[in-house]
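Number of protein chains: 2
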Amino acid sequence: MTNEKMTLAEAYNRCDYPVPGNGKRTVRMLKEALERVEGETASDFYGTGPLIENFQAKLADYLGKPAAVFFPSGTMAQQIALRIWCDRRGLMKVAYHPLCHLEIHEEDGLKELHRIEPVLLADKDRLIALEDVRGLGEDIACLLLELPQREIGGQLPSFEELEAISAYCRGRGIALHLDGARLFETLPYYGKTAAEVCALFDSVYVSFYKGIGGIAGAILAGDAALTERSKVWKRRHGGDLIALYPYILSSDHYFEKRLPKMEQYYRGAVELAELYNGCRALSTRPAVPVTNMFHVHASVPKERLETALVAVYGETGIGLTANVRPIEEHSCSFEISIGDLYETVPKDLLHRAFERLNELLS
Amino acid sequence: MTNEKMTLAEAYNRCDYPVPGNGKRTVRMLKEALERVEGETASDFYGTGPLIENFQAKLADYLGKPAAVFFPSGTMAQQIALRIWCDRRGLMKVAYHPLCHLEIHEEDGLKELHRIEPVLLADKDRLIALEDVRGLGEDIACLLLELPQREIGGQLPSFEELEAISAYCRGRGIALHLDGARLFETLPYYGKTAAEVCALFDSVYVSFYKGIGGIAGAILAGDAALTERSKVWKRRHGGDLIALYPYILSSDHYFEKRLPKMEQYYRGAVELAELYNGCRALSTRPAVPVTNMFHVHASVPKERLETALVAVYGETGIGLTANVRPIEEHSCSFEISIGDLYETVPKDLLHRAFERLNELLS
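Note that the protein sequences, when read in sequence, are chains A and B.
Residues 1 to 362, numbered by the numbering used here, are exactly what the first sequence covers, in order.
Residues 363 to 724, numbered by the numbering used here, are exactly what the second sequence covers, in order.
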């Protein structure tokens, strides 16, 4: 097989030094998480038992909320949170960003299952600002903010802007929900504890397989009335499994392992983005990352970028991305999230890879 | 702690020989399932990849259906199956038994999430018969039959009755859905393959943590249009996890391990029921089990039965049940499912336990 015929994903898989992420998602992840767990440890049982209750209490405490419930997925947790806020307010209307996970990745579950109408706030290429919320022409039960806003490269509003939005919503009885799929990743930039960020929100969802790098699973935290009600909806959705412990144990293991590394991941993202921005035809969004993630935009056609990347991977063994998506005819982009692997990459090879990429795109 | 002060569950947990089930639900179950799985095995990825696709194909083949989809839970799989049948027929109405899982254990998810109206067929204490289906005063999109009917002790209609109901439904364009949570357990009695039973149904759900004794997980099988559509609803419900492999690998492991033992479990249930029926004040439902399960009904108050059981457990080390539920003031019942443990129980001790129970209830 010659390099010219190889797909980008194939070439990436042969690299000695993949740059983003924590490594391949294999069964080893689960085996590692179970290594130090005693075989005699009792399973959770339909949401009860020390295994699930202790983890929920630990996360409630960490997030600074009265209570927390473990869910198999954020899709389930967030639809349910919004449903509860809508029911409390007696109004089946919420607001969120046009590129919100619920709007583009969930097959319209919120609308189809819960008959909740979303109002799309702000433009696709920028964050929701206080002015957008103020400008809402209609009443809503809940506003969802995603920190960071993943689909635009992981951007963040200033903490002051967040405080202002929170105060505005509280003044109007609008519940503020945090899509914190990548909340842990925002903390180094904000210089805040998770609880300090979450204090601005009435309910919070966090994920354990983004920066934390676990297998799957989510926590929904808020007041006890919300979390208790969420258990009823969790059962209705089919998420109240007899045993969720494979996800709980792995979430806990990787939470302990990677939470202390968020600062390191963030610094790595800033450093790597600088290399991308030094490359002809490439630029990152944001220009300077504020979390462990960013998007790379290329002002060349997808095929041209892929050809250049395959050549670089073959020459250096450095793997930058496994896939590229077209934007328009002459531009494309890809997403980078920094994890454990970045610090294992030899810096001289990495620089050589970017020098070659720069040459090939010139 | 004296025996008099011990709760039934405490006394049961101290027994050397628990009689029903496969043993305690602990993390060891997952460790065992992973023992022979290579760490390098790639995770499934949002419903794709060989790990999930191969298991789905294996179960589709076993159940004799064109396609199958793995779900985290039966609650999710069954609501979705019924929703798809209702959408196809353009009629949001189904029929099932008054003690159907969807009616009593799912917090009304079918009604709350899918706005499907159930018609309750037959009485609470008997099976649905062809006459009940014929007597339906209104059109329905789907009839759900549960084999065996768990809440009445695991009773089964004759295979001929099933065939007649199936033919009747097909003649009227009513989809027939199988709640086969315990389908594997019915096969020795019917003397049929799973595919032969499933051929009478348009869609089938099976569970991997009842007789199979896995951790959690379910399969929904049917025509390819149904299974493809079910994936859209699975995502809406929040069940399309990035990785379901902890449940898939354990389902597969215990499927291979316990499927060949269904005949043994069934024979054990028949034998054990005879012991219960020989005991004063106790009788089983059904009188002669047709699967690995049955219910024990006692014509004494719950407290009196519990006191007798705690004494028997203490004297013999035989554990018969960990909990008893009251029916009326002077009667109570409990459920028995036979698994791996039954054949490890010394028969002489078991007989001694029943002799003592008989004395204590006299």
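Beta carbons are placed, not taken as given, at the ideal position from N, Cα and C, and that holds for glycine.
Only counting the same chain, and skipping five residues up and downstream in sequence, which positions put a Cβ closer than 8 Å to that of glutamate 547 of chain B?
Position 185 of the second sequence, counted from the first residue, corresponds to residue 547 of chain B. Hits under 8 Å: Pro510, Gly516, Lys572, Gly573, Met624, Tyr627, Tyr628, Thr653, Asn654 and Met655.
The alpha helix (DSSP H) that contains aspartate 367 of chain A, what's its start and end?
The shown model of chain A, from 1 to 362, leaves out residue 367 of chain A, and the question about it has no answer.
Pairwise C-alpha distance: asparagine 323 of chain A and lysine 302 of chain A:
As a working mapping, residue 302 of chain A is identified with position 302 in the first sequence. As a working mapping, residue 323 of chain A is identified with position 323 in the first sequence. Going by the C-alpha atoms only, they are around 10 Å apart.
Among B:Glu394, B:Cys694 and B:Thr388, which residue has its Cα nearest to the Cα of threonine 41 of chain A?
Along the first sequence, read from residue 1 onward, the residue named residue 41 of chain A stands at position 41. Selected option, being the one with the closest Cα: B:Thr388.
Proximity test, Cβ basis, 9 Å: alanine 167 of chain A and chain B:
Numbered from 1 along the first sequence, position 167 holds the residue referred to as residue 167 of chain A. With 9 Å as the cut-off, alanine 167 of chain A does not count as an interface residue toward chain B.
Contact between the segment 170–180 of chain A and the segment 113–120 of chain A (3+ Cβ pairs under 8 Å)
The segment 170–180 of chain A makes no contact with the segment 113–120 of chain A; the number of CB pairs closer than 8 Å stays below 3.
On the DSSP bridge assignment, give the partners of glycine 319 of chain A in chain order.
In the first sequence, counting from the first residue as 1, residue 319 of chain A sits at position 319. Paired residue(s): A:Pro18.
Sorted by chain position, which residues of the same chain lie with C-beta nearer than 7 Å to methionine 1 of chain A's C-beta, five sequence neighbours on each side aside?
Working through the first sequence from its first residue, we reach residue 1 of chain A at position 1. Unreliable placement is indicated for methionine 1 of chain A, whose pLDDT of 47 sits below 50; no coordinate value is reported for it.
Scan the segment 379–467 of chain B and note each continuous beta strand (DSSP E) run of 3 residues or more that stays entirely inside, going in chain order.
429–433 and 455–458
Residues that arginine 325 of chain A bridges to, as DSSP identifies them
As a working mapping, residue 325 of chain A is identified with position 325 in the first sequence. Arginine 325 of chain A pairs with A:Ser333.
Unbroken alpha helix (DSSP H) runs of length 4 or more, entirely within the segment 105–151 of chain A: which are they?
109–114 and 130–134
If the cut is a Cβ gap below 9 Å, which residues of chain B does glutamine 155 of chain A touch?
For the purposes of this step, residue 155 of chain A is taken as the residue at position 155 of the first sequence. Within 9 Å Cβ-Cβ: nothing; glutamine 155 of chain A doesn't reach chain B, min ~23 Å.
Proximal residues to aspartate 240 of chain A (C-beta, below 8 Å), its chain only, five neighbours per side dropped
Numbered from its first residue, the first sequence carries residue 240 of chain A at position 240. Taken in chain order, the residues that qualify are Tyr46, Gly47, Lys231 and Lys234.
Can you name, in chain order, every residue of its own chain whose Cβ lies under 7 Å from the Cβ of glycine 542 of chain B, other than the five neighbours on each side?
Along the second sequence, one-based indexing puts residue 542 of chain B at 180. Cβ within range, chain order: Leu509, Val566, Tyr567 and Val568.
Looking at the structure shown, is valine 672 of chain B part of a helix, part of a strand, or coil, going by DSSP?
Here residue 672 of chain B refers to the residue found at position 310 when the second sequence is read from its first residue. DSSP places valine 672 of chain B in helix when its eight states are reduced to three.
Quick one: measure Cβ to Cβ for isoleucine 414 of chain B and aspartate 406 of chain B, integer angstroms, because I've assumed they're closer than 8 Å.
Here residue 414 of chain B is taken as the residue at index 52 of the second sequence, counted from 1. Here residue 406 of chain B is taken as the residue at index 44 of the second sequence, counted from 1. About 4 Å separates the two Cβ atoms, so the contact holds.
Is there a Cβ of chain B sitting closer than 9 Å to that of glycine 339 of chain A, yes or no?
Taking the first sequence and counting its residues from 1, one reaches residue 339 of chain A at position 339. Closer than 9 Å: no.
Return the bridge partner residues of valine 206 of chain A from the DSSP annotation.
Residue 206 of chain A sits at position 206 when you count from the first residue of the first sequence. Per DSSP, A:Gly180 and A:Ile219.
Based on DSSP bridge pairs, tell me the residues matched to threonine 646 of chain B.
What you label residue 646 of chain B is simply residue 284 of the second sequence in a count that begins at 1. DSSP, once it has assigned bridges, lists B:Val658 as partnering threonine 646 of chain B.
CB contact below 9 Å: proline 246 of chain A versus chain B:
Translated into the one-based positions of the first sequence, residue 246 of chain A becomes position 246. Proline 246 of chain A counts as touching chain B.
Chain-ordered residues of the segment 256–271 of chain A with a beta carbon less than 9 Å from chain B
none
Out of B:Lys709, B:Glu500 and B:Cys560, point me to the one whose CA is closest to alanine 457 of chain B's CA.
Counting from 1 along the second sequence, the entry for residue 457 of chain B is found at position 95. The shortest Cα separation from alanine 457 of chain B among B:Lys709, B:Glu500 and B:Cys560 belongs to B:Glu500.
Looking at chain B, is there any beta carbon in it that lies within less than 9 Å of the beta carbon of tyrosine 209 of chain A?
As a working note, residue 209 of chain A is residue 209 in the first sequence. It does: the Cβ of tyrosine 209 of chain A has a partner Cβ on chain B nearer than 9 Å.
For threonine 321 of chain A, tell me which candidate among A:His330, A:Glu329 and A:Leu357 has the shortest Cα-Cα distance.
Sequence index remark: in the first sequence, residue 321 of chain A carries index 321 (1-based). Nearest of A:His330, A:Glu329 and A:Leu357 to threonine 321 of chain A, Cα basis: A:Leu357.
Isoleucine 270 of chain A: first and last residue of the uninterrupted alpha helix (DSSP H) it sits in:
Counting from 1 along the first sequence, the entry for residue 270 of chain A is found at position 270. Before going on, a small fix: residue 270 of chain A reads as valine here, not isoleucine. Unbroken alpha helix (DSSP H) run through valine 270 of chain A: 262–277.
Pair within 9 Å by beta-carbon distance, alanine 273 of chain A and isoleucine 336 of chain A
Start at 1 with the first residue of the first sequence, and residue 273 of chain A comes out as number 273. Start at 1 with the first residue of the first sequence, and residue 336 of chain A comes out as number 336. Yes.
When the distance is taken between beta carbons, is cysteine 377 of chain B closer than 9 Å to cysteine 448 of chain B?
Taking the second sequence and counting its residues from 1, one reaches residue 448 of chain B at position 86. Taking the second sequence and counting its residues from 1, one reaches residue 377 of chain B at position 15. No, the Cβ-Cβ distance between cysteine 448 of chain B and cysteine 377 of chain B is not below 9 Å.
Strictly under 9 Å for the Cβ-Cβ distance: is lysine 24 of chain A near chain B by that measure?
Position 24 of the first sequence, counted from the start, is the residue given in the question as residue 24 of chain A. Yes, contact with chain B.
Return the Cβ separation of glutamine 418 of chain B and glycine 238 of chain A in integer angstroms, given the expectation that the two are a contact with Cβ distance under 8 Å.
Taking the first residue of the second sequence as 1, we reach residue 418 of chain B at position 56. Taking the first residue of the first sequence as 1, we reach residue 238 of chain A at position 238. With a Cβ gap of about 18 Å, glutamine 418 of chain B and glycine 238 of chain A do not count as contacting.
Compare the Cα-Cα distances from arginine 28 of chain A to each of B:Gly385, B:Glu397 and B:Pro382 and report the closest residue.
Residue numbering aside, residue 28 of chain A sits at position 28 when the first sequence is read from its first letter. The shortest C-alpha separation from arginine 28 of chain A is found at B:Glu397.
Of the choices B:Ser528, B:Lys486 and B:Gly576, whose alpha-carbon is the least far from that of valine 559 of chain B?
For the purposes of this step, residue 559 of chain B is taken as the residue at position 197 of the second sequence. If we check each option's Cα against that of valine 559 of chain B, B:Ser528 comes out closest.
Could you give the C-beta distance for glycine 339 of chain A and glycine 222 of chain A, rounded to a whole number, given that I count them as a contact under 8 Å?
Counted from its first residue, the first sequence places residue 339 of chain A at position 339. Counted from its first residue, the first sequence places residue 222 of chain A at position 222. In fact, because the Cβ distance is near 29 Å, the residues do not count as touching under 8 Å.
Any beta-carbon of chain B closer than 9 Å to the one on glycine 319 of chain A?
As a first step, residue 319 of chain A is located in the first sequence; it is residue number 319 there, counting from the start. Output row for glycine 319 of chain A: interface = no.
Per DSSP, cross-strand counterpart(s) of isoleucine 338 of chain A
Along the first sequence, one-based indexing puts residue 338 of chain A at 338. Answer is A:Gly21, bridged to isoleucine 338 of chain A.
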